[in-house]
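In UniProt numbering, the protein residues as written are 1 to 127. Backbone N, C-alpha and C fix where the C-beta goes; we use that ideal spot for every residue, glycine too. If you're wondering where the values come from, they're calculated on a predicted model, not measured in any experiment. See structure below.
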């Protein structure tokens, strides 16, 4: 399988509902909750791509461009962007949809860096 085919095959989509218990005093999704969800989706995409143990080593710029209100559906999309020797960068976008209307907007974007580890918890070659 080519690199692009592996990237495509490992793209990860997760849908969730935003309930009031995950929102702040403005009735929008907590930023920390969004980051947690994004890290999890990035982890899944990195693991599906490499089929190795992966750990998050950093999150790069996270842009919150649109509020995510309670009572909406969100889709988190994780895709490997770059692959190094032992690390990879995974982009995660969150799209928000109103439940009872045809609408979809990108709300959050971020990049997460992962390192693949061997059985001794040392960085290991990915490709």
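Here residue 75 is near residue 94, since their CB atoms are less than 9 Å apart. Per DSSP, the unbroken beta strand (DSSP E) holding residue 112 starts and ends at 105–117. The C-beta separation of residue 80 from residue 46 comes to about 7 Å, placing the pair in contact by the 8 Å criterion. Distance check between residue 100 and each of 72, 67, 3 places 72 closest, using alpha-carbon atoms only.
Rounded to whole angstroms, residue 114 and residue 12 show a C-alpha spacing of 15 Å.
Non-local C-beta neighbours of residue 70 in its own chain, meaning closer than 7 Å and more than five positions away in sequence, comprise 18, 19, 20, 23, 27, ordered along the chain. By DSSP's assignment, residue 66 forms no beta bridge with any residue. In this structure, the alpha-carbon of residue 112 lies about 15 Å from that of residue 48. Cα atoms of residue 53 and residue 109: separation of roughly 24 Å, rounded to the nearest angstrom.
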